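Protein chains in written order, with my numbering: chain A, 1 to 83; chain B, 1001 to 1328.
Backbone N, C-alpha and C fix where the C-beta goes; we use that ideal spot for every residue, glycine too.
Everything numeric in this text was worked out from a predicted model, so none of it was measured.
Encoded as structure tokens, the structure appears first; notes follow it.
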């Protein structure tokens, strides 16, 4: 599983990256969360056809758009994807 | 009957019965005002943010983009973009992706700017507070003038043909991401009750985030209400309806605040004799012309376009201040 946070480099993007790391840790997964910002991040957001930042992706698919300050919610999403 | 009447009763009860403050004293007036206004605004924010979460789910910006490009709107697109700017919650995080997304979909630069200008000037939170403090009629005027600034600035900036004034590396991204369709993420159907809960979570999380600014704003406003004598500013601003407007606009630029924090202060100042148009210009300039916003937009626009952008918006804000001072 590949988890990434895409952002334009603002404080909300950084915050989402931090709580995603925390969620992964709390689930006991050994996944390195990627943090892609700047031009790279913007390009990826555009490739997904989105216009908001930050975006949480799992296996290159958008699973959360915009920032929600809720670690539990992120855990829920990851668990859903794990099946 | 005033639907907020029970809140006023509650504020009276806390200030005069529980805390036993003497009515008409500075402290009692300030506290009473603080309790009443912060509760009233909280109620309005909860309702409006819930409604906005619904709207945002059914009309995300990506859909607005598709809507704007579906057909030729013959200039009406400036108004539509500006109107959508009002109903979309604005986060400065998203301003660059939005900018690129609109342009790569083939939306003209002027229309894109109409959206970007209106979005911070008028948004759901500022509408909630405006209704709470000034009533429906003035709120409508405020929304209409915000849209007008967005549309006019968009039209003017669109006419300058400054597409070359967009940052090179962003232009590359814009070229590359042309003809991308809306993300499949946004098209997935979700169960109804799951959505009701999601709307509540989103709305509440937004309310929580901005409420601290509301409390600070209402707190400062309450101090002004309680301690500054009525007519205080009128004495110093004699015939001030003309020159105070550009002055207020310029003074507001280095200040950066959320609209929700400035509006309660603005209301308090108006009640003490600052002309309404002057206060409105001050509020709009604080949210629409801030330096941090300029730093973010600097990433996308070269200096010439950025300066013109700011000049246009400033002029719009000053004109609106004068207009309100004339009619009120």
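Within 9 Å, strictly: CB atoms of residue i and residue j
i               : j               : result
residue 1283(B) : residue 1262(B) : yes
residue 1081(B) : residue 1114(B) : yes
residue 56(A)   : residue 24(A)   : no
residue 1155(B) : residue 1078(B) : yes
residue 1085(B) : residue 1158(B) : no
residue 1094(B) : residue 8(A)    : yes
residue 1285(B) : residue 1252(B) : yes
residue 34(A)   : residue 75(A)   : no
residue 1147(B) : residue 1112(B) : no
residue 53(A)   : residue 1096(B) : yes
residue 1103(B) : residue 1116(B) : no
residue 16(A)   : residue 78(A)   : no
residue 1101(B) : residue 1177(B) : yes
residue 1133(B) : residue 1267(B) : yes
residue 1325(B) : residue 1242(B) : yes
residue 1281(B) : residue 1213(B) : no
Span of the beta strand (DSSP E) around residue i
i               : result
residue 1291(B) : It is not in any beta strand (DSSP E) - residue 1291(B) instead sits in the alpha helix (DSSP H) that spans 1291-1298.
residue 5(A)    : 3-6
residue 57(A)   : 55-58
residue 65(A)   : 61-65
Integer Cβ distance of residue i from residue j, believed to fall under 8 Å
i               : j               : result
residue 1244(B) : residue 1275(B) : 7 Å
residue 71(A)   : residue 14(A)   : That pair is no contact at about 15 Å.
residue 1092(B) : residue 1312(B) : Actually they are not in contact, since the Cβ atoms of residue 1092(B) and residue 1312(B) sit about 19 Å apart, beyond 8 Å.
residue 1173(B) : residue 50(A)   : In fact, because the Cβ distance is near 13 Å, the residues do not count as touching under 8 Å.
residue 1279(B) : residue 1269(B) : 5 Å
residue 58(A)   : residue 81(A)   : 5 Å
residue 1139(B) : residue 1149(B) : Wrong, their Cβ atoms sit about 16 Å apart, outside the cutoff.
residue 1287(B) : residue 1259(B) : 5 Å
residue 1193(B) : residue 1053(B) : Their Cβ separation, rounded to whole angstroms, is 15 Å, which puts residue 1193(B) and residue 1053(B) out of contact at 8 Å.
residue 1254(B) : residue 1291(B) : 6 Å
residue 1107(B) : residue 1068(B) : 5 Å
residue 1203(B) : residue 1072(B) : Between residue 1072(B) and residue 1203(B) the Cβ distance is about 36 Å, and since that is not below 8 Å, they are no contact.
Run of the alpha helix (DSSP H) containing residue i, from where it starts to where it stops
i               : result
residue 1156(B) : 1136-1159
residue 34(A)   : Looking at the DSSP string, residue 34(A) is not in any alpha helix (DSSP H); the run it does join, the beta strand (DSSP E), is 34-36.
residue 1025(B) : Looking at the DSSP string, residue 1025(B) is not in any alpha helix (DSSP H), and its letter there is neither H nor E.
residue 1242(B) : Residue 1242(B) -> no alpha helix (DSSP H), and no H or E assigned at all.
residue 1073(B) : Element bounds for residue 1073(B): n/a, residue is neither H nor E.
residue 26(A)   : 11-26
residue 31(A)   : No alpha helix (DSSP H) holds residue 31(A); DSSP gives it neither H nor E.
residue 1105(B) : Where residue 1105(B) is concerned, there is no enclosing alpha helix (DSSP H), given that its DSSP letter is neither H nor E.
residue 1321(B) : 1303-1327
residue 1204(B) : 1192-1227
residue 1234(B) : 1232-1236
residue 961(B)  : This structure gives no information on residue 961(B), because the portion of chain B shown stretches from 1001 to 1328.
residue 1284(B) : 1276-1288
beta-carbon residue i near the ligand SAM non-hydrogen atom, thresh 8 Å
i               : result
residue 1128(B) : No copy of the ligand SAM appears in this structure; indeed no ligand is present at all.
Original post:
Okay, do the region 1161-1168 of chain B and the region 1298-1313 of chain B touch, 3+ Cβ pairs below 8 Å being the bar?
Top reply: yes
Decide if the region 1211-1225 of chain B is in contact with the region 1023-1032 of chain B; the criterion is three or more beta carbon pairs, one per stretch, under 8 Å apart.
yes
Practice problem: Check whether the region 1121-1128 of chain B touches the region 1001-1008 of chain B, taking contact to mean three or more Cβ pairs, one atom from each stretch, closer than 8 Å. | Solution: no
Check whether the region 1202-1220 of chain B touches the region 1251-1271 of chain B, taking contact to mean three or more Cβ pairs, one atom from each stretch, closer than 8 Å.
yes
Checklist entry - Taking a cut of 7 Å between CB atoms, which residues from the region 1046-1077 of chain B lie near chain A? => result 1061, 1062 and 1065
Contact set between the region 1101-1123 of chain B and chain A, restricted to residues whose Cβ is under 7 Å from the partner
1101 and 1104
When the Cβ atoms of the region 1267-1281 of chain B are set against those of the region 1312-1321 of chain B, are three or more pairs found closer than 8 Å? yes
**OP:** Evaluate the contact criterion for the region 1043-1060 of chain B versus the region 1191-1210 of chain B: three or more CB pairs, one atom per stretch, below 8 Å.
**Re:** yes
field: At least 3 beta-carbon pairs within less than 8 Å: the region 65-80 of chain A vs the region 1008-1024 of chain B
entry: no
Could you please tell me which residues of the region 20-50 of chain A, in chain order, have their CB closer than 8 Å to any CB of chain B?
39, 42, 43, 45, 46, 47, 48, 49 and 50
Check: When you check each C-beta in the region 53-64 of chain A against every C-beta of chain B, which residues fall closer than 8 Å?
Finding: 53, 54, 61, 62 and 63
(message) Counting only Cβ-Cβ distances shorter than 9 Å, please list the residues of the region 64-83 of chain A near chain B, keeping chain order.
(response) 64, 65, 66, 67, 68, 69, 70 and 73
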